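Q:
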Amino acid sequence: MTKQTTVRMGWKHVFGTVLCGVIALSLFGVTVYMTVSAVGRLGLVRHQLTMRVTDCEASAPATTSRGGGHPDLDCRGFVDPAQTSGGVKRWITATGFSSEPVFGAPLEVAKEPWGSWVPVDQGGWNRLGRALSPLIPLAFAGLFAKVTYRGWRNSRRLPAGASA
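The numbering of the sequence shown is this note's numbering, which starts it at 205 and goes up by one.
#1: Using beta-carbon positions only, say whether L342 and T235 come within less than 7 angstroms of one another.
#2: Given a cut-off of 7 angstroms, decide if L248 and R334 are closer than it, judged by their beta-carbon atoms.
#3: Under three-state DSSP, which class holds A309?
#4: Relative to the C-alpha of K315, which residue among W215, R250, T221, V257 is closest?
#5: My guess is that P305 and T254 are in contact by the Cβ rule of under 8 angstroms, so how many angstroms apart are they, rounded?
#6: Would you decide whether W321 is buried or exposed? Buried here means 16 or more other CB atoms lie within 10 Å of its CB.
#7: Look at K293 and F307 and say whether their C-beta atoms are less than 7 angstroms apart.
#8: Below 8 angstroms on the Cβ atoms is my guess for C260 versus F232; work out the distance and round it to an integer in Å.
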């Protein structure tokens with residue numbers, strides 16, 4: 205009968221496995237956030253209204269370090285009384301406009317699950333991109349989860365030539 209020995213994982217291997225696990229969990233969190241955000245931006249929630257924009261203000265700088273860019277706009281407007289309960293004109297602020305909307309024209313907005321109003325994506329490519337965007341961090345999360353699992357699984361194996 206041979207003596208059974210186990211090989212301990214080196215601290216670098218342990219650190220790498222734990223780091224890959226933390227990165228995988230973080231990327232899964234990003235995937236969940238992007239999915240929930242896409243639900244609001246695509247208008248898939250029940251809280252969808254048509255607002256008429258009255259004024260907008262920039263909430264982010266209009267320039268980047270490279271000299272160009274578009275401001276992130278927060279626009280205030282009112283919802284028609286027919287869409288609200290009680291028939292009262294309701295004022296809301298929608299965030300996340302990439303370009304200035306036409307003032308007074310009807311614009312669809314939806315309430316994201318955490319309560320902010322955002323414009324609903326209208327273009328086909330915008331909607332497709334928004335729907336598919338959570339798949340990118342999900343793919344990388346799966347890759348890091350696989351590396352984490354392999355590192356954990358390989359740490360429990362016996363060295364070559366040892367018997368159980």
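Beta carbons are placed, not taken as given, at the ideal position from N, Cα and C, and that holds for glycine.
Keep in mind the model is a prediction, meaning the values are calculated, not measured.
A: In terms of the structure at hand:
#1: In terms of Cβ geometry, L342 and T235 form a close pair [threshold 7 angstroms].
#2: Not a contact, by the Cβ cut-off of 7 angstroms.
#3: A309: coil per DSSP, three-state reduction.
#4: In terms of Cα proximity to K315, the closest of W215, R250, T221, V257 is R250.
#5: Not a contact, Cβ separation roughly 12 angstroms.
#6: Around the beta carbon of W321, a 10 Å sphere encloses 16 or more other beta carbons of the protein chains shown; the residue is thus reported as buried.
#7: For K293 and F307, no; Cβs fall outside 7 angstroms.
#8: Contact annotation, C260 with F232: C-beta distance approximately 35 angstroms; criterion of less than 8 angstroms not satisfied.
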